[in-house]
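Asks:
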Amino acid sequence: MMEWTDRHCRWFHRQITRRARLYTVMITTGALRHGDAARHLDFDPAEHPVALQVGGSEPEELAHAARLAERWGYDEIDLNCGCPSERVQRGAFGACLMREPRTVADGVKAMRDAVAIPVTVKHRIGVDHDDHYGFVRDFVGTVADAGCEVFVVHARSAWLQGLSPKENREIPPLRHEVAHQLARDFPALTIVVNGGLAGDESIAAQLAQVDGVMVGRDAYHHPWHMADWDRRFFGEATPAPTREAVEEAMVGYMARQAALGVPWPAIARHMLGLWHGTPGARRWRQVWSDHRLRDEPVARVAAIATAARLGAAIRDADADADGEAAPQPQELGT
Ligand SMILES: Cc1cc2nc3c(=O)[nH]c(=O)nc-3n(C[C@H](O)[C@H](O)[C@H](O)COP(=O)(O)O)c2cc1C
12 MMEWTDRHCR WFHRQITRRA RLYTVMITTG ALRHGDAARH LDFDPAEHPV
62 ALQVGGSEPE ELAHAARLAE RWGYDEIDLN CGCPSERVQR GAFGACLMRE
112 PRTVADGVKA MRDAVAIPVT VKHRIGVDHD DHYGFVRDFV GTVADAGCEV
162 FVVHARSAWL QGLSPKENRE IPPLRHEVAH QLARDFPALT IVVNGGLAGD
212 ESIAAQLAQV DGVMVGRDAY HHPWHMADWD RRFFGEATPA PTREAVEEAM
262 VGYMARQAAL GVPWPAIARH MLGLWHGTPG ARRWRQVWSD HRLRDEPVAR
312 VAAIATAARL GAAIRDADAD ADGEAAPQPQ ELGT
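Residue numbers are given in the working numbering: position 23 of the sequence shown equals residue 34, and the series is strictly consecutive.
#1: Between Glu179 and ligand 1, is the CB less than 7 Å from at least one heavy atom?
#2: Could you pull out every residue in the same chain whose Cβ sits closer than 8 Å to the Cβ of Glu335, ignoring the five residues on either side in sequence?
#3: Would you say Arg44 and Glu81 are within 8 Å of each other, going by their C-beta atoms?
#4: If we count the other Cβ atoms within 10 Å of its Cβ and call it buried at 16 or more, is Leu285 buried or exposed?
#5: Quick one: grab the DSSP three-state call for Ile128.
#6: Rank Ile214, Glu255, Ala219, Ala209 by C-alpha distance to the C-alpha of His233 and give the top, closest one.
#7: Who are the Cβ neighbours of Gly207 in its own chain at under 7 Å, not counting the five residues just before and after it?
#8: Would you say the beta carbon of His281 is closer than 7 Å to some non-hydrogen atom of ligand 1?
#9: In chain order, which alpha helix (DSSP H) runs of at least 4 residues are fully inside the region 202-230?
#10: Under a Cβ-count criterion, where at least 16 other Cβ atoms within 10 Å of its own Cβ denotes burial, should His24 be classed as buried or exposed?
#11: Go through the region 59-92 residue by residue and report every complete run of the alpha helix (DSSP H) that reaches 4 residues or more, in order.
#12: Write down the C-beta distance between Ala169 and Arg113 rounded to the nearest angstrom, noting that I regard them as a contact closer than 8 Å.
#13: In chain order, which alpha helix (DSSP H) runs of at least 4 residues are fully inside the region 136-208?
#14: For the beta strand (DSSP E) that contains Met237, what are its first and last residues?
#15: Relative to ligand 1, is the shortest distance from any of its heavy atoms to the C-beta of Cys159 smaller than 7 Å?
#16: Whose CA, out of Asp55, Val203, Ala74, Pro274, lies closest to the CA of Ala125?
#17: Looking only at its chain, what residues have a beta carbon closer than 7 Å to the beta carbon of Phe197, apart from the 5 residues adjacent to it on each side?
#18: Work out the CA separation of Val147 and Met109 for me, nearest whole Å.
#19: Closest to Asp17 by CA distance: which of Met282, Asp239, Thr289, Arg320 is it?
#20: If distances are taken between C-alpha atoms only, which option among Pro183, Gly227, Thr39 comes closest to Arg167?
#21: Near Arg123, which residues of its chain fall below 6 Å by C-beta distance, leaving aside the five closest residues on each side in sequence?
#22: Expressed to the nearest angstrom, what Euclidean distance is found between the alpha-carbon atoms of Thr40 and Gln26?
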């Protein structure tokens with residue numbers, strides 16, 4: 012998710028689920044061709060399985076991006092046909108490509124000819140008034156004929172006039188049933204549904220209808236919602252990690268990254284939801300987002316955060332016991 016996630020976020024999420032597939036943000040073919048490819052593409056081997064998502068429409072450029080993805084070790088390359096932003100529209104890719112299934116098919120074919128890793132497409136269920144089922148069915152059919160076997164369906168239309176990208180994730184109504192119908196009409200394809208899904212029960216209900224589920228915002232804000240996925244959805248026998256273990260792994264990671272010049276707040280920002288819903292979570296989060304601590308060694312910040320969390324938890328319990336609101340915890344800091 013652009014401006015939210017990055018390789019550090021993926022490393023964090025990988026501590027919680029070993030099996031779920033992680034995706035990069037959309038990177039344009041132009042940025043890969045003319046920009047600092049390593050900055051966009053480098054990732055840690057621990058992030059596997061990980062897919063590179065690209066934005067573009069020129070077959071040659073897409074093939075070039077696919078070759079880079081494969082060379083860098085990505086497990087999949089995904090073409091974005093769902094982004095509604097004006098900048099992306101001006102570049103004539105993203106969601107507006109749904110109106111040009113032949114162009115997408117040509118791009119998919121060029122990528123498939125260039126690499127052995129799977130080529131997938133993420134798309135919407137319609138664009139503006141082109142929102143009848145036949146529109147998305149023909150899009151999927153045409154692109155599948157070019158060899159794409161996996162479609163990630165963000166189950167709402169993109170409204171290209173007048174809505175911001177954020178509004179385009181909230182206002183067009185969700186119609187999961189369109190993804191379900193695609194799964195029935197294209198049983199040989201892998202249809203993954205996306206949009207508005209939160210919590211294991213809603214995921215399980217979708218998996219009765221489609222082949223996979225993609226979760227965006229809920230995974231970011233409530234990362235612990237992923238903790239049971241490996242057991243429940245991938246049949247793993249190993250128990251879910253504890254939050255303590257994940258936090259400890261992150262502290263080690265942040266210390267290693269600090270030695271490479273990455274300040275810990277750039278990483279910690281992704282894990283602020285780790286203790287969400289547990290006593291002391293707010294105090295813990297406040298410490299990890301306290302810019303006054305930014306020059307402290309990460310191990311010290313972790314100790315302060317844990318002390319704040321446990322202290323606040325004890326105070327919460329006291330408050331529960333005598334029925335009073337918890338007193339405001341002391342400001343922590345340097
Ligand atoms: C801040 C933000 C950035 C996003 N960036 C991308 C992106 O780069 N590529 C993409 O395919 N979808 C992107 N999305 C859309 C999500 O992948 C997803 O399709 C959408 O949020 C609906 O799923 P959700 O309700 O589970 O979040 C972004 C969403 C958000 C909130």
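Beta carbons are placed, not taken as given, at the ideal position from N, Cα and C, and that holds for glycine. Please read these numbers as outputs of a predicted model, since none were measured by experiment.
Replies: Reading from the atomic positions:
#1: For the sequence presented, residue 179 should be read as Asn rather than Glu. Not under cutoff, so the answer is no.
#2: Reliability of the predicted coordinates at Glu335 is poor, the pLDDT of 37 falling under 50, and no value is obtained from them.
#3: No, they are not a contact pair.
#4: With 16 or more other Cβ atoms within 10 Å, it is buried.
#5: In the structure shown, Ile128 sits in coil (DSSP, three-state: anything other than H, G, I, E or B).
#6: It is Ala209 whose Cα lies nearest to the Cα of His233.
#7: Same-chain partners within the cutoff: Leu185.
#8: With a cut-off of 7 Å, the C-beta of His281 is classified as distant from ligand 1, since no heavy atom of the ligand falls inside that distance.
#9: Here the runs fully enclosed are 211-218.
#10: Buried, by the Cβ-count rule.
#11: List check, alpha helix (DSSP H) in window: 70-83.
#12: About 19 Å separates the beta carbon of Ala169 from that of Arg113, a gap too long to meet the 8 Å contact definition.
#13: Listed in chain order, they are 144-156, 187-196.
#14: For Met237, no beta strand (DSSP E) segment is defined, and its DSSP state is neither H nor E.
#15: No - ligand 1 has no heavy atom lying nearer than 7 Å to the Cβ of Cys159.
#16: With distances taken between CA atoms, Ala125 lies nearest to Ala74 out of Asp55, Val203, Ala74, Pro274.
#17: Counting only Cβ-Cβ distances below 7 Å, and skipping sequence neighbours, we find Val151, Ala155.
#18: Those two C-alpha atoms are separated by around 8 Å.
#19: Check the Cα spacing between Asp17 and each of Met282, Asp239, Thr289, Arg320: the tightest is with Met282.
#20: Closest in C-alpha terms to Arg167, from the list Pro183, Gly227, Thr39, comes Pro183.
#21: Result list for Arg123: Val130, Gly158, in chain order.
#22: Here the alpha carbon of Thr40 sits roughly 30 Å from the alpha carbon of Gln26.
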